[in-house]
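Working notes, beginning with the structure itself.
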Amino acid sequence: MKQLIIAMAGILAASCSTTKIERQIVQDFAREKNLKNIPYANASYLIKEAASDENVLDICQQANSDKNLPINKKRIEFSPTGIKNWPIGAEEISQLKPAYKKDSQPYDWSAKKLGAFDIPIIEKEELMSKIHDGAISISAMGHIISKPILSRDKKYSILKYSSIFYTGGEPEHVYILEKKRDRWTILLMLVKNYDYDPS
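Here it is in structure tokens:
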């Protein structure tokens, strides 16, 4: 019984530590991207429903395996293009996949999970409804961020980001962030290559 209590306490401590790291990643990402003050958006909101992280590791794997190919042969483009050492290698991505495939439950952001966050949290449907009714400006923007995926050494994280507004939205991008001097900074941005030629 005592061993079970110790094991449960260890799991709880690890879970709290991971939640704290995820909170810092999302807060630092929002600051670096300046999501609170998008120049053409009248107001910014974080969408409560987190983006799915289902294919995030597949995108990283494709970008990594195609990184030395000509631009028209890359399935995924990334920037900056001159990176020499890929932050999360193919072997580690393969090891991370089973753990994150098990964790396929929908995830919601909340003030409890994010702490003091500069951007109000709102459900996607509520944002669209309030814009439609005129309660929120038509130029308001909703930011959709996935729950971050951490590298095994917790030096890198991966998340998916997109944004929506009343008349459309911006496509999904995958970001790899690096922890430097107690802050998470964007290292790479990955996006589908629309000029990809499979022939």
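Its first residue numbered 1144, the sequence shown is counted upward by one per residue in the numbering used here. No residue lacks a Cβ here, since even glycine has one placed at the ideal position from N, Cα and C. The structure presented is a predicted model; accordingly, all values stated were derived computationally and were not measured.
Inter-residue spacing [alpha-carbon to alpha-carbon] between residue i and residue j
i, j, result
"Lys1108", "Tyr1188", "The question about residue 1108 has no answer, for the chain in this structure spans 1144 to 1342."
"Ser1282", "Glu1192", "20 Å"
"Asp1171", "Lys1303", "14 Å"
"Tyr1309", "Gln1204", "33 Å"
"Ser1237", "Gly1277", "47 Å"
"Asn1336", "Pro1263", "33 Å"
"Asp1261", "Ile1181", "13 Å"
"Ile1319", "Asp1209", "16 Å"
"Ile1279", "Tyr1243", "36 Å"
"Thr1162", "Ser1342", "44 Å"
"Asp1251", "Val1169", "13 Å"
"Ile1219", "Ser1160", "32 Å"
"Thr1224", "Asn1177", "23 Å"
"Ile1328", "Ile1301", "Here the sequence assigns Thr to residue 1328, which means Ile is not the residue at that position. Between Thr1328 and Ile1301, the C-alpha separation is close to 11 Å."
"Lys1240", "Ala1254", "28 Å"
"Ile1231", "Ser1294", "7 Å"
"Pro1249", "Glu1197", "10 Å"
"Lys1323", "Asp1296", "13 Å"
Local conformation of residue i per DSSP, three classes
i, result
"Phe1260", "coil"
"Leu1379", "In the structure displayed, the chain extends from 1144 to 1342; residue 1379 sits before or after that span and is not available."
"Glu1234", "helix"
"Ser1294", "coil"
"Lys1303", "strand"
"Ala1186", "coil"
"Arg1326", "strand"
"Ser1342", "coil"
"Ile1168", "helix"
"Lys1267", "helix"
"Lys1335", "strand"
"Glu1197", "coil"
"Ile1274", "helix"
"Ile1202", "helix"
8 Å contact criterion, which residue i and residue j should meet: CB distance rounded
i, j, result
"Ser1305", "Pro1291", "With a Cβ gap of about 15 Å, Ser1305 and Pro1291 do not count as contacting."
"Thr1194", "Ile1307", "Rather than Thr, the amino acid found at residue 1194 in this sequence is Ala. In fact, because the Cβ distance is near 11 Å, the residues do not count as touching under 8 Å."
"Arg1166", "Leu1257", "6 Å"
Contact check, residue i vs residue j, beta carbons under 8 Å
i, j, result
"Leu1330", "Ile1202", "no"
"Ala1233", "Phe1221", "no"
"Ile1214", "Gly1285", "no"
"Tyr1339", "Glu1321", "no"
Unbroken alpha helix (DSSP H) run spanning residue i, endpoints
i, result
"Leu1212", "Run containing Leu1212: none; DSSP gives neither H nor E here."
Element boundaries [beta strand (DSSP E), containing residue i]
i, result
"Gly1285", "Met1284 to Ile1288"
"Ser1222", "Ile1219 to Ser1222"
Closer than 7 Å: residue i CB and nearest the ligand COA heavy atom
i, result
"Ala1184", "Among the components modelled here there is no ligand, and therefore nothing to report on the ligand COA."
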